[in-house]
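Q: All the letters of the sequence shown, read from the start, carry residue numbers 113 to 287 under my numbering. All C-beta atoms, glycine included, are put in the ideal place defined by N, C-alpha and C.
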Amino acid sequence: DKQVQNSLRGNKGISIIELLVGAGILTMSLSALLGFLVFALSTASLVKQQTQALTLAEGALETLRNFRDGTAWNVDDPQNQYDGLGKAQTGVPYHMGVSGDTPPRWQLLSGVQTLGMFTRSVVLENVQRDVESAIVAGGGIDDPNTKKVTVTVSWQAKTKPQEVTIVTYLTNWRQ
Numbered sequence: 113d114k115q116v117q118n119s120l121r122g123n124k125g126i127s128i129i130e131l132l133v134g135a136g137i138l139t140m141s142l143s144a145l146l147g148f149l150v151f152a153l154s155t156a157s158l159v160k161q162q163t164q165a166l167t168l169a170e171g172a173l174e175t176l177r178n179f180r181d182g183t184a185w186n187v188d189d190p191q192n193q194y195d196g197l198g199k200a201q202t203g204v205p206y207h208m209g210v211s212g213d214t215p216p217r218w219q220l221l222s223g224v225q226t227l228g229m230f231t232r233s234v235v236l237e238n239v240q241r242d243v244e245s246a247i248v249a250g251g252g253i254d255d256p257n258t259k260k261v262t263v264t265v266s267w268q269a270k271t272k273p274q275e276v277t278i279v280t281y282l283t284n285w286r287q
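#1: Is there contact here, the region 233 to 246 with the region 257 to 265, by at least three beta-carbon pairs under 8 Å?
#2: Based on Cα-Cα distance, which residue from Y194, A156, V248 lies nearest to P216?
#3: How big is the Cα-Cα spacing for G203 and S222?
#4: Drop a sphere of 10 angstroms on the beta-carbon of Y206, count the other beta-carbons inside from all chains shown, and report buried for 16 or more, exposed for fewer.
#5: Name the DSSP bridge partner or partners of D255?
#6: Quick one: Cα of A184 to Cα of N192, how far?
#7: Once DSSP output is grouped into helix, strand and coil, what is the label at S211?
#8: In terms of residues, what are the limits of the beta strand (DSSP E) holding Q287?
#9: E130 to T139, Cα distance in whole Å?
#10: Closest to T155 by C-alpha separation, out of A269, W285, V279, would be which residue?
#11: So, with DSSP's three-state summary, where would you put V279?
#12: How long is the line joining the alpha carbons of F151 and A165, rounded to whole angstroms?
#13: So what's R180 in DSSP terms, helix, strand or just coil?
#14: Would DSSP call T271 helix, strand or coil?
#15: Quick check on the DSSP output: the beta strand (DSSP E) that includes S222 runs from which residue to which?
#16: Below 6 Å CB to CB, which residues in the same chain sit around K259 once its five sequence neighbours on both sides are set aside?
#17: Using 8 Å for Cβ pairs, my map puts Q274 next to D255. What's the rounded Cβ distance?
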């Protein structure tokens, strides 16, 4: 009888230890799973923001193409709202706007545009070409019929600034 009682007491102690170890393992597993879920949600949120930013950048570029197609390349508007790309200042931020005209027209406006949590800008640069007509970073001949376009969309994601940039070239296709 005593042996059976001692055996039962030992089993009760082991059962409690097993229960505590099992609870510890379960707690650690749930903590790891929760950490993974937080990471996955954070990553999904950042991917969504990057997709929105890319869409905004592509939209600005498409709008700029429409502006170029509807405005003469070298037109010089005294109010600088309808300057053609050939007359627009280089190295300064622009954004696209819609006029109050009838019918409305695209305008190239100075400054950065804020769209919710995003800021968007379009910067134009002059282009140089070498003797073989290839675009070069410097030391070439100015090409007045081509502009380098950099569209940048930036935003703050939690504690870290983020940015999407598209670079392309637009030409005076009417020349």
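A: Looking at the coordinates:
#1: yes
#2: Locating residue 216 in the sequence shown gives position 104, counting from the first residue. Closest option to P216, Cα to Cα, is Y194.
#3: Indexing the sequence shown from 1 puts residue 203 at position 91. Indexing the sequence shown from 1 puts residue 222 at position 110. Near 11 Å, if we compare the C-alpha coordinates of S222 and G203.
#4: As a first step, residue 206 must be located in the sequence shown, where it is residue number 94. Y206 is buried by the Cβ-count criterion.
#5: For the purposes of this step, residue 255 is identified with residue 143 of the sequence shown, where counting begins at 1. Answer by DSSP bridge pairing, in chain order: V239.
#6: By 1-based counting over the sequence shown, the position of residue 184 is 72. By 1-based counting over the sequence shown, the position of residue 192 is 80. So the two alpha carbons sit approximately 13 Å from each other.
#7: By one-based count along the sequence shown, residue 211 stands at place 99. Coil at S211, not helix or strand.
#8: Counted from its first residue, the sequence shown places residue 287 at position 175. Here Q287 belongs to no beta strand (DSSP E), and DSSP marks it neither H nor E.
#9: Locating residue 130 in the sequence shown gives position 18, counting from the first residue. Locating residue 139 in the sequence shown gives position 27, counting from the first residue. Near 14 Å, if we compare the C-alpha coordinates of T139 and E130.
#10: Position 43 of the sequence shown, counted from the first residue, corresponds to residue 155. Comparing Cα-Cα distances from T155 to each of A269, W285, V279, the minimum goes to A269.
#11: The residue given as residue 279 occupies position 167 in the sequence shown. Three-state DSSP puts V279 in a strand.
#12: As a working note, residue 151 is residue 39 in the sequence shown. As a working note, residue 165 is residue 53 in the sequence shown. Straight-line Cα distance between these residues: approximately 21 Å.
#13: For the purposes of this step, residue 180 is taken as residue 68 along the sequence shown, with counting starting at 1. Of the three classes helix, strand and coil, the one that applies to R180 here is helix, per DSSP.
#14: Residue 271 sits at position 159 when you count from the first residue of the sequence shown. In the structure shown, T271 sits in coil (DSSP, three-state: anything other than H, G, I, E or B).
#15: Along the sequence shown, one-based indexing puts residue 222 at 110. 218 to 222 is the span of the beta strand (DSSP E), which, as asked, contains S222.
#16: In the sequence shown, the residue the question calls residue 259 occupies position 147. If we look at K259 and ignore the five residues flanking it on each side, its Cβ neighbours are L197, L236, L282.
#17: For the purposes of this step, residue 274 is taken as residue 162 along the sequence shown, with counting starting at 1. For the purposes of this step, residue 255 is taken as residue 143 along the sequence shown, with counting starting at 1. Taking a contact as a CB-CB distance under 8 Å, the pair Q274 and D255 does not count as one, their CB atoms being some 33 Å apart.
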